[in-house]
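Chemist: My questions will all concern the structure given below.
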Amino acid sequence: MLVSGRRPRRTLHLHLLLWVTCAVLCAPVLYAMLAATQNNAQLVNFQLWPGDSLARNFEIVWHNRSLGQFMLNSTVMSLTIALGKTVTALLAGLAFVYFRFPGRWLLFFFVLVTLMMPTEISILALFRIVSGLGWADSLAGLTVPFLASATGAFLFRQHFASLPANLAEAAQLDGASPLQFLWRVLVPLSWNVIGALTVIQFLYGWNMYLWPLLLVSDQRDQVVQVGLATLQQAGQGQLYGPMMLGALIASIPPIVVFLVLQRSLMSGLSLPRDK
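Here the sequence shown is numbered in the UniProt record's numbering, starting from 1 and rising by one per residue.
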């Protein structure tokens, strides 16, 4: 009886903790949704009900500040980075697992070392190189330096290593080239990992701020994260309502990508089973 009486209490406490955690996590989003409908005066007065400025805020952030163009630029950049990182990671995983060459493990070690180095360490040198190539204010400048992924190479290396070794032998007996083996055998067995890496790298590209801020000077080519910051330019006041609305709109593409590929994300990042 004592044990059975304790279990409902534990369940109740656990549910209360979950509800409190959900409330804490959802509160900023709910406040942003509320603030997106208000003007500055209503926000300063901490009005706790929706305002009547949603249409005006949308006009400011979408038309006057070209949020749609910024989102298009970010989408193209993020998709390019995600596709490039996935392709190069597939090739790197193929090389590390199925090719035998001197220094293979040392090279893989250096790839792992790059995971410990933040981009900010080399960003000034990278900026000089890209500017010297004439890639400022261009899609190539925004994407080419980020088309390789140490994280992706590690994921695919671990995934390919967990597959049966006789797959490569069978493909070789059938006369398949390495790229044919990759495309016809490995890729169909790796959709979950591909989906997981695509989500991660799309979010990485979408959230880039410092690099576009340094490289892009033409406002028409700017990305959404930097574009939203223009709502805080000096001399124009703080447009809190449009900022909140813009942040909510800018969060839609990453959420859609996550919802579409969430099953692949969870499966692709799980530990491989022993075969």
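Backbone N, C-alpha and C fix where the C-beta goes; we use that ideal spot for every residue, glycine too.
#1: Residue range of the alpha helix (DSSP H) that P118 falls in?
#2: Suppose you measure from the CA of L18 to the CA of V199; what does that come to, to the nearest Å?
#3: Label residue 276 either buried or exposed according to how many other C-beta atoms from any shown protein chain fall within 10 Å of its C-beta, with 16 as the threshold for buried.
#4: Under a Cβ-count criterion, where at least 16 other Cβ atoms within 10 Å of its own Cβ denotes burial, should A234 be classed as buried or exposed?
#5: Have a look at L79 and W183 and give me their C-alpha separation to the nearest angstrom.
#6: In the structure shown, what three-state DSSP assignment does M208 receive?
#7: Where does the unbroken alpha helix (DSSP H) through Q73 begin, and where does it stop?
#8: Going by DSSP, what residue range makes up the alpha helix (DSSP H) through I255?
#9: Taking the C-alpha atoms as reference points, what is the distance between S190 and S217?
#10: Over the uninterrupted alpha helix (DSSP H) stretch that includes P145, give me the two end residues.
#11: Rounded to a whole number of angstroms, what is the C-alpha to C-alpha distance between W105 and R9?
#12: Cα-Cα, which of H159, S122 and S177 is closest to V193?
#13: How would you call A150, buried or exposed, if buried means at least 16 neighbouring beta carbons within 10 angstroms?
#14: What does the Cβ neighbour count give for V29, buried or exposed, with the cut at 16 atoms within 10 Å?
#15: In terms of alpha-carbon separation, which member of L12, Y240, R100 and L167 lies closest to F46?
#16: Kindly provide the ranges of any alpha helix (DSSP H) runs that are 4 or more residues long and lie completely inside the segment 136-223, ordered along the chain.
#17: Whose C-alpha, out of I123, I252, L203 and A55, is nearest the C-alpha of A82?
#18: Helix, strand or coil for F127? Go by DSSP, reduced to three states.
Modeler: Short version:
#1: In the sequence shown, the residue the question calls residue 118 occupies position 118. Where P118 is concerned, there is no enclosing alpha helix (DSSP H), given that its DSSP letter is neither H nor E.
#2: Counting from one through the sequence shown, the residue named residue 18 turns up at place 18. Counting from one through the sequence shown, the residue named residue 199 turns up at place 199. Computed Cα separation, rounded: 27 Å.
#3: The chain is shown only over 1 to 275; residue 276 falls outside these bounds and no answer can be derived.
#4: Position 234 of the sequence shown, counting from 1, holds the residue named residue 234. Its pLDDT being 45, under 50, A234 is placed unreliably in this model, and the value from its coordinates should be taken loosely. The residue is exposed, with fewer than 16 neighbouring Cβ atoms inside 10 Å.
#5: Against the sequence shown, residue 79 aligns to sequence position 79. Against the sequence shown, residue 183 aligns to sequence position 183. Going from the Cα of L79 to the Cα of W183 covers about 20 Å.
#6: The sequence position of residue 208 within the sequence shown is 208, counting from 1. Three-state result, M208: coil.
#7: As a position in the sequence shown, residue 73 is number 73, starting the count at 1. The residue asked about is misnamed: residue 73 is Asn in this sequence, not Gln. It spans L67 to Y98 - the alpha helix (DSSP H) in which N73 sits, taken as one unbroken run.
#8: For the purposes of this step, residue 255 is taken as residue 255 along the sequence shown, with counting starting at 1. Where I255 is concerned, the enclosing alpha helix (DSSP H) stretches over I252 to G268.
#9: Against the sequence shown, residue 190 aligns to sequence position 190. Against the sequence shown, residue 217 aligns to sequence position 217. The straight-line gap from Cα to Cα measures roughly 39 Å.
#10: If you number the sequence shown from 1, residue 145 lands on position 145. Unbroken run through P145: none, as it is neither H nor E.
#11: If you number the sequence shown from 1, residue 105 lands on position 105. If you number the sequence shown from 1, residue 9 lands on position 9. Their backbone Cα atoms lie some 53 Å apart in a straight line.
#12: Residue mapping note: residue 193 aligns to position 193 of the sequence shown, counting from 1. Selected option, being the one with the closest Cα: H159.
#13: For the purposes of this step, residue 150 is taken as residue 150 along the sequence shown, with counting starting at 1. Buried, by the Cβ-count rule.
#14: Residue 29 sits at position 29 when you count from the first residue of the sequence shown. Exposed, by the Cβ-count rule.
#15: By one-based count along the sequence shown, residue 46 stands at place 46. F46 has its Cα closest to that of Y240, out of L12, Y240, R100 and L167.
#16: 139-143, 150-162, 166-173, 178-181, 191-206 and 210-215
#17: Your numbering for residue 82 matches position 82 in the sequence shown. Out of I123, I252, L203 and A55, L203 has the C-alpha closest to the C-alpha of A82.
#18: Sequence index remark: in the sequence shown, residue 127 carries index 127 (1-based). The answer is helix: DSSP assigns F127 an H, G or I state.
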